[in-house]
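Residue numbers (this note's numbering): 13 to 509. Below is one structure, written out as structure tokens, with a few remarks after it.
Right under this line is the structure:
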């Protein structure tokens, strides 16, 4: 696993991968470790440089066009202008010709949470996006619109020494009541091919916000993006072939929208765009929560990604002890349109958070989903996103099944989310299907209609319960039983456009 939370990964021009992080538990320096083989093996961690104070976790690194490493991090302090007497002020440093680091320079005063957005533009300009606390908004207003206690602000420098603050303060009204009132925080940045800078901002309202800038100095008013998200930050990465990669947590928990992170961080997904963000492909899960029984910050969030010399994507992500991970994947995997489930290595494409017991038959020909007398029995399958497509499999419903629902969706929900079915894009009830017999199931959908075919015969045609925000990428199967005996069986699933 990664050595610490909120690491920052970069690829040097010689192909070396470097991961920077706050040294723990001392918190008085920034350490790094290196990989010379594309992320397969790593050197021992060592201190890169000491810092003039104590840091929490936030750090971001960039290799600049001149070969220098540019780093921003924050230091803990006390005093006015922060959040309830606490300061987390952002400092910047960089390497010079002999490899040493410049004296850290303070860039942002006040209180800044996690640092996610730090890029160099093609012009050479460094752009830093941060969420900054507004002391006057620490308490929820009695009558005025609630903007939370943070605004997002951009800073930029053309010489890695002198920094300017954007005149545009980015914020938005919070939706509904909640114990957390962060507001506009933890923006991530990427430059588009036309030179504009695209910013995605974390929010608790179920969607990431977006803003655009011509050069990093002035920004448009934030608007909802097309990315469903829990109260978690995203990661953006420009690839060498011009593509853009996004990593984020498309999780919602409708039974209790005020739950941890407004939907959780159970899965980390990846998508890729080859047309500068106009359309996206993939929406594939790349990391699952390792342990559901825990408190405090947890899950798969706070990803850092970099492209290796051989074109793979290295990712560092996760929060909490024994939950952090490092992984590699091929970005071309996100371009696949056809998918066939493979049980060779178990139900790795399925998630069952909120339920238990999913297994593979001894002949590895089907999943076995045991029923229970209370709550929901079920599982979710993630597949390559399709705005329209076909999904097929064989299904065995035991006599003990009282009600079974199939759903197609554009985001992740835990199985114990009792209201998830009400928020599916498509929802089909299978209560009329025969029991104790295999049924050939085919789901065919467009953006407005779903056709369910059983054993080659049309069974049901349904309209959307709601319009999809992003392409369909999840199959949800949930079932109820009064007896708590028996098991549903599912053959490998195949999808196609």
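For every residue, glycine included, the Cβ atom is placed at its ideal position computed from N, Cα and C. Bear in mind the structure is a predicted one, so any value in this text is a computation, not a measurement.
Straight-line gap, residue i to residue j (C-alpha atoms, nearest Å)
i	j	result
residue 425	residue 418	14 Å
residue 77	residue 347	29 Å
residue 188	residue 117	39 Å
residue 458	residue 436	14 Å
residue 144	residue 177	12 Å
residue 314	residue 462	36 Å
residue 323	residue 334	28 Å
residue 413	residue 378	18 Å
residue 101	residue 86	5 Å
residue 278	residue 61	34 Å
residue 171	residue 252	24 Å
residue 184	residue 391	35 Å
residue 501	residue 474	24 Å
residue 64	residue 433	52 Å
residue 509	residue 446	29 Å
residue 233	residue 481	21 Å
residue 528	residue 207	There is no way to answer for residue 528, as the model of the chain reaches only from 13 to 509.
residue 281	residue 224	23 Å
residue 193	residue 26	43 Å
residue 11	residue 153	It is not possible to answer for residue 11, since the shown part of the chain is limited to 13 through 509.
residue 186	residue 195	7 Å
Whole-angstrom C-beta distance between residue j and residue i, which should lie under 8 Å
i	j	result
residue 125	residue 38	With a Cβ gap of about 21 Å, residue 125 and residue 38 do not count as contacting.
residue 276	residue 330	Incorrect: roughly 13 Å between the Cβ atoms, too far for contact.
residue 258	residue 283	5 Å
residue 367	residue 389	6 Å
residue 267	residue 431	5 Å
residue 140	residue 129	7 Å
residue 79	residue 137	At roughly 17 Å, the Cβ-Cβ gap does not stay under 8 Å, so residue 79 and residue 137 are not in contact.
residue 294	residue 397	6 Å
residue 69	residue 13	Actually they are not in contact, since the Cβ atoms of residue 69 and residue 13 sit about 15 Å apart, beyond 8 Å.
residue 71	residue 32	6 Å
residue 296	residue 345	7 Å
residue 321	residue 50	6 Å
residue 486	residue 409	So it is not a contact: roughly 21 Å between Cβ atoms.
residue 103	residue 119	7 Å
residue 67	residue 34	5 Å
Residue i: first and last residue of the uninterrupted beta strand (DSSP E) it sits in
i	result
residue 169	162-169
residue 437	Counting along the chain, residue 437 falls outside any beta strand (DSSP E), and DSSP gives it neither H nor E.
residue 416	413-421
residue 467	Premise fails: residue 467 is in no beta strand (DSSP E) and is neither H nor E.
residue 490	484-493
residue 100	98-106
residue 297	293-300
residue 452	450-457
residue 381	379-382
residue 349	Looking at the DSSP string, residue 349 is not in any beta strand (DSSP E), and its letter there is neither H nor E.
residue 93	81-95
residue 18	No beta strand (DSSP E) holds residue 18; DSSP gives it neither H nor E.
residue 117	117-120
residue 425	Counting along the chain, residue 425 falls outside any beta strand (DSSP E), and DSSP gives it neither H nor E.
residue 501	499-502
residue 132	129-132
residue 279	279-285
residue 256	256-260
Contacts around residue i, its chain only, beta-carbon distance under 6 Å, and the 5 residues preceding and following it disregarded
i	result
residue 423	240, 262, 264
residue 403	455, 507
residue 450	406, 408
Close Cβ partners of residue i (< 8 Å) along its chain, the five nearest in sequence each way excluded
i	result
residue 453	404, 405, 406, 407, 418, 464, 465, 466
residue 495	383, 385, 412
Same chain only: Cβ atoms within 7 Å of residue i, ignoring 5 sequence neighbours per side
i	result
residue 150	95, 96, 161
residue 339	298, 299, 327
Curious, which full-length beta strand (DSSP E) runs of at least 3 residues does the stretch 218-245 contain? 219-225, 235-240
Going along the chain, which unbroken runs of the beta strand (DSSP E) with 3 or more residues stay wholly within the stretch 22-75? 29-34, 41-47, 58-62, 71-75
Can you list the beta strand (DSSP E) stretches of 3 or more residues lying completely in the stretch 138-219, in chain order? 138-145, 162-169, 197-203, 209-214
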